[in-house]
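Protein chains: 2
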Amino acid sequence: MAAMRPLVHPSVDDVTVEGILHALADPVRVAIYAGLAASEKGSSCSAFLQLDNREIPKSTLSQHFRALREAGLIRSERQGVEMRNTTRCAEINSRFPGLLPALMGAYQQQLIDRMKAAKRKGSKAKSG
Amino acid sequence: MAAMRPLVHPSVDDVTVEGILHALADPVRVAIYAGLAASEKGSSCSAFLQLDNREIPKSTLSQHFRALREAGLIRSERQGVEMRNTTRCAEINSRFPGLLPALMGAYQQQLIDRMKAAKRKGSKAKSG
DNA sequence: TTCAATAGTTCGCAACATATGAACTAACGA
DNA sequence: TCGTTAGTTCATATGTTGCGAACTATTGAA
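In structure tokens, the structure reads:
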């Protein structure tokens, strides 16, 4: 028992904006997506078990990958004992031009702002 | 009893990308936001009780406005017996340049694609 | 004042979603 | 066949959402 059905990848025409936004409204999933986008040949799931100094349980991680997959943001294919995950950003970019760059750019901006804020606070209070 | 506390509007510096995406991952809220963006002097809540040929219960509508407000996307102020809701898109645009246009543009694209698909289907099956 | 009308909010609960430990499947190599 | 590594599924506890009913707030009569 416990079926282990094949992975679902929507066609690019079935990808929805609300699906993308929902998937990328979660910081963990954004970090995963950004990591995949940065790596040239994709990454396994377990590459993200430790993320941003935080332990992610692997069942949780599996759910996050599923969310990204079913939103159409990534493609996952088995490669031996592990999974090769890659972004589908080219496809999505051709359907919704500029959406993903804008999203990721805003997250990047937010990260910069937060680092600046942390630095300000750090110099004010000497040592957290 | 039943407190009716004052409306919460985050400062623009406290607006988060994940908050915006979560708020705009809901088609009803997107329709509201788009409606507000289109109207010159803002709209009341009840202007959206009927939306896209669908009845929205007013308690539900109230929650949607709250979600948009607390994500920092709109500002609501009482004006007599009703509420004046306006977008905060200028503020957000200066913090996350291009994010909102990209989002709304993608939704617009999706709408166009759906209309095209419906037309195709309509001419194939004569009268769906 | 008191009453009614209009516009939103809050409450309570049912339905749905999410996070995670435990138990599982799947591929590989010894 | 067994062990190992990688990921999925299940059960469940906890969180979130949708909506009817009951409430608050403001205005405008009477």
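In the order they appear, the protein sequences are chains A and E.
Under full-length UniProt numbering, the first residue of the first sequence carries the number 1, and numbering increases by one thereafter.
Under full-length UniProt numbering, the first residue of the second sequence carries the number 1, and numbering increases by one thereafter.
Don't be surprised by glycine CBs; every beta carbon is placed ideally from N, CA and C.
Bear in mind the structure is a predicted one, so any value in this text is a computation, not a measurement.
In the assembly as shown, Arg-69 (chain A) is a buried residue. Its beta-carbon has 16 or more other beta-carbons within 10 Å. By the C-beta density criterion, Ala-38 (chain E) is exposed, having fewer than 16 other C-beta atoms within 10 angstroms. Chain order gives the chain E residues near Val-17 (chain A) as Ala-106, Tyr-107, Gln-110, where near means a beta carbon separation below 7 Å.
In this structure, Ile-20 (chain E) and Leu-73 (chain E) form a Cβ contact; the two beta carbons are roughly 6 Å apart against a cut-off of 8 Å. With contacts defined as CB atoms closer than 8 Å, Asn-93 (chain A) and Gly-42 (chain A) fail to qualify as a contacting pair. One Cα belongs to Ala-31 (chain E), the other to Ala-23 (chain E), and the distance between them is close to 11 Å. Chain-ordered listing is empty here: chain E has no CB closer than 8 Å to the CB of Gly-35 (chain A), the nearest sitting near 17 Å. By the neighbour-count criterion, in which a residue is buried when 16 or more other Cβ atoms sit within 10 angstroms of its Cβ, Val-8 (chain A) is exposed. Per DSSP, the continuous beta strand (DSSP E) segment holding Thr-87 (chain E) begins and ends at 82-87. Under the DSSP assignment, Ile-74 (chain A) falls in the beta strand (DSSP E) whose first and last residues are 74-79. From the listed residues E:Val-12, E:Lys-119, E:His-64, E:Met-4, the smallest Cα separation to Ala-25 (chain E) is found for E:His-64. Here Ser-46 (chain A) is exposed, its C-beta having fewer than 16 other C-beta atoms within 10 Å. The count of Cβ pairs closer than 8 Å, one atom from the stretch 112-126 of chain E and one from the stretch 107-119 of chain A, stays below three, leaving the stretches out of contact.
Shown in chain order are the members of the stretch 74-96 of chain A whose Cβ falls below 7 Å from a Cβ of chain E: Phe-96.
Counting only the Cα atoms, Met-4 (chain A) lies some 42 Å from Asp-14 (chain E). Around the Cβ of Arg-54 (chain E), a 10 Å sphere holds fewer than 16 other Cβ atoms; the residue is exposed. Contact annotation, Thr-87 (chain E) with Leu-36 (chain E): C-beta distance approximately 5 Å; criterion of less than 8 Å satisfied. Contact of Gly-122 (chain E) with chain A by beta-carbon distance below 8 Å is absent, the smallest such distance being about 18 Å.
The beta carbon of His-22 (chain A) sits closer than 8 Å to some beta carbon of chain E. For Phe-48 (chain E), no alpha helix (DSSP H) segment is defined, and its DSSP state is neither H nor E. The beta carbons of Ala-106 (chain E) and Phe-96 (chain A) sit closer together than 8 Å.
Excluding its 5 nearest sequence neighbours in each direction, Leu-103 (chain A) has C-beta neighbours in its own chain below 7 Å: Leu-24, listed in chain order.
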